[in-house]
Structures are given as structure tokens and as C-alpha cells.
């Protein structure tokens, strides 16, 4: 069975869902293909700016209270031994929201379903097919179903499972992973984002539900011991160094999840009628800024660009979009390297291989 549409978006994350919803609201025939949601916990922050951006896009921000916990600010021990409180409501006149990404993705999918687009949950990995002249893009997903469109937005994340093998290559700049550990109860003060560092990386902790919280350790993959007992001891030691007053909250390190968090950029950011968005284009160390806010801005820009491209038939705008993506990544990477350099020059972090590597960047 072959289904036709003007724009096909593959990927149910923030960037893909929001760009599909915006294009559908502009009057285009849009289809969104997505797979089952995340299974691993991934606590993240919807910054005040990101919440306002969602509101401008027409998303009912009050629905965040159904899945998220209001976050008044940051308890910052990252560059200092004495905590500094950064109050969002005083500095930005709005609160942030602590949320598990799985639940946020599901909420955005329900929002997109009311925007007039067609949605299909894939039961098998999709793959991209093109004609020799790149006149169309087809995706084969459920069995023998074919979705054919004039333009494809690739929002399949850092794994880049959709594109042809030659388009998946990425340049990686570090070995970063995120280790998520459950806490017995939220840190005090509760609801606040807690930020700190230790010799082998840096930490943040968020309360994402009424009585539960997680701590996330950002470190290099090769700095984690391979033996289970050794990794338990390592995580305990690093947590105690980062949060000495809250060490009892970690309890026995019995379970944890690890995900890839490497800073990377795709070598190919545009080809024919295909354009990546969100993590499919590039990924950044969370220290470089709010990832949810970045995904929303990218989705907004790509949707506006795609609408103009289809309206005017000017595909040179896609080349300009790819150049803009590369420029955004380079600027963010430069700012991140400067931040690490300043911290190392001031001697604010304990000596360790993680920080020595950042000093060399």
C-alpha cells in the first residue's frame, strides 16, 4: 500500500513532533511516523524560555502540570564550594519544569494529533528510498507499506536509523555518557535543580514526580569501571564528592541506566529533499544549554523553512538551512569549550582525567 503526502516526518521526539504539528497547522498535508516511546528514565528540564516557546506555538502549557514538577530554580555548586541559588522566578519571571522525557514526548504527540496531521506508529524500523533523480522520498515501515512525499524531515535521533548508510556518519568530539541513578527522595530544597561536579564528571539532580527524584552523572564512558562492584563503588564515591551533605539519599547503588550523550554532528546535513532535525542533526553536551529549548527552536525554524520551500519551490533554502545548522553547532561547541576552559583556569574542579581532557580541548 502506498500513501502520499506533501511532507513526511519520521521520529516522535520533540523536534519531529513539533515541526510536523506546525507544518500541518500551516495547511500542508503532513504525515508523522513514530516508534514506541523511550523506556529508560531521562529527567530533563523545560526551561522558562522553552515553556514560553511552547506557549507561543499554541501548546497548552498548563498541561505540563499533569506530567511535570514545577522547578523554581537552580542550587549551583558547579563552580563553587558554597551553593548559590539562582531563582528563575526572580531572574526570568517564570518557573521551569522538571519532566521525564518519555512523558513529555507522549504529551507532545497528543498535542500534534489535534493539529490535522496523519500519524502512524511504526512496528518496524523505517528506511529511506529515493528515486535516482531525488524526485521523491519513500519510507518503508510496517511490512510493505510505503509512504511517499515531496520532502522528508529526519527526526530519528542520534542513531540516524532512517538515512542511507552513507548519510549516517557523524563526527564525535568526546566520550560523554549519562548515568541515571534513582534517589530515595528528592534533595533539599525539593523541586530545585541541583548542579555539582566531582573529579570524574559533573552531576545534576531533578525531582520528576511527587515523591521520586533522579541523579544524573555526566562522565566519559572509559572512566566507568567495567566490573559491577567497582562501578557501584565509583558512582558512590563520585556522588559523595559532588553532594557531601546529601550522600544518604543515594543509598545502595543497586541499579542505574547509561545512555550515549556524546557531542556529535552529522557529516551530511542536507541531501536532495531530506533534512535532519534535532538530535538527528547534532547532539551537544547538556552543559551547553537547554536541550529541549534548542529542539523547539530548531523545529520552529525547520517548519517555517519547509513551508516556504514548498510554497516557492526554492530548494536553495535547504542549503542555507544546512549551513545555519552547522553554524549553530560550531557556535555552541565553541561556547562549551570556552566554559570548560574558564572553569579549568579558575581551578574550580577537583583534578581528574575528565577535566584534564576538557582543558586540552
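In full-length UniProt numbering, the protein residues as written are 1 to 361. Cβ coordinates follow ideal geometry from the N, Cα and C atoms, glycine included. Here the structure is a predicted model, which is why all the values come from computation and not from measurement.
Where residue i falls, given that 16 or more other Cβ within 10 Å makes a residue buried
{"i": "residue 201", "result": "buried"}
{"i": "residue 327", "result": "exposed"}
{"i": "residue 44", "result": "buried"}
{"i": "residue 53", "result": "buried"}
{"i": "residue 219", "result": "buried"}
{"i": "residue 323", "result": "exposed"}
{"i": "residue 267", "result": "exposed"}
{"i": "residue 48", "result": "buried"}
{"i": "residue 237", "result": "exposed"}
{"i": "residue 196", "result": "buried"}
{"i": "residue 172", "result": "exposed"}
{"i": "residue 325", "result": "buried"}
{"i": "residue 235", "result": "buried"}
{"i": "residue 351", "result": "exposed"}
{"i": "residue 123", "result": "exposed"}
{"i": "residue 291", "result": "buried"}
{"i": "residue 90", "result": "exposed"}
{"i": "residue 314", "result": "exposed"}
{"i": "residue 293", "result": "buried"}
{"i": "residue 65", "result": "exposed"}
{"i": "residue 84", "result": "exposed"}
Per DSSP, cross-strand counterpart(s) of residue i
{"i": "residue 253", "result": "DSSP lists no partner for residue 253."}
{"i": "residue 298", "result": "Paired residue(s): none; residue 298 is not in a bridge."}
{"i": "residue 171", "result": "265"}
{"i": "residue 2", "result": "146"}
{"i": "residue 73", "result": "87"}
{"i": "residue 194", "result": "75, 205"}
{"i": "residue 31", "result": "8, 118"}
Between the CA atoms of residue j and residue i - distance to the nearest angstrom
{"i": "residue 23", "j": "residue 6", "result": "10 Å"}
{"i": "residue 8", "j": "residue 78", "result": "42 Å"}
{"i": "residue 82", "j": "residue 242", "result": "12 Å"}
{"i": "residue 156", "j": "residue 114", "result": "22 Å"}
{"i": "residue 18", "j": "residue 229", "result": "43 Å"}
{"i": "residue 269", "j": "residue 277", "result": "9 Å"}
{"i": "residue 93", "j": "residue 35", "result": "37 Å"}
{"i": "residue 245", "j": "residue 256", "result": "22 Å"}
{"i": "residue 312", "j": "residue 28", "result": "14 Å"}
{"i": "residue 360", "j": "residue 333", "result": "14 Å"}
{"i": "residue 187", "j": "residue 357", "result": "30 Å"}
{"i": "residue 271", "j": "residue 232", "result": "45 Å"}
{"i": "residue 184", "j": "residue 300", "result": "38 Å"}
{"i": "residue 341", "j": "residue 225", "result": "27 Å"}
{"i": "residue 320", "j": "residue 121", "result": "32 Å"}
{"i": "residue 4", "j": "residue 103", "result": "30 Å"}
Nonlocal neighbours in the same chain, by C-beta distance under 6 Å from residue i, ignoring five residues either side
{"i": "residue 150", "result": "6"}
{"i": "residue 182", "result": "214"}
{"i": "residue 160", "result": "168, 280"}
{"i": "residue 336", "result": "285, 288"}
{"i": "residue 239", "result": "250"}
Same chain, Cβ closer than 7 Å to residue i, neighbours up to 5 away in sequence not counted
{"i": "residue 339", "result": "287"}
{"i": "residue 223", "result": "200, 353, 354"}
{"i": "residue 2", "result": "146, 148"}
{"i": "residue 20", "result": "9, 30, 32, 112, 117"}
{"i": "residue 63", "result": "107"}
{"i": "residue 260", "result": "158, 177"}
{"i": "residue 192", "result": "71, 72, 73, 74, 75"}
{"i": "residue 175", "result": "220, 221, 222, 262"}
{"i": "residue 207", "result": "69, 98, 186, 190, 191, 213"}
{"i": "residue 55", "result": "61"}
Chain-order list of residues whose beta-carbon lies under 8 Å from that of residue i (same chain, five-residue window excluded)
{"i": "residue 317", "result": "305, 308, 309"}
{"i": "residue 329", "result": "265, 281, 282, 284"}
{"i": "residue 132", "result": "With a pLDDT of only 47 at residue 132, under 50, the local geometry of the prediction cannot be trusted, and the value read off the model is given with reservation. Here the set comprises nothing."}
Cβ separation of residue i and residue j, assumed to be a contact under 8 Å, to the nearest whole Å
{"i": "residue 61", "j": "residue 74", "result": "The pair is not a contact, with the Cβ atoms about 20 Å apart (cut-off 8 Å)."}
Cβ of residue i within 8 Å of any chain B Cβ
{"i": "residue 64", "result": "The structure shown contains no chain B, having only a single protein chain."}
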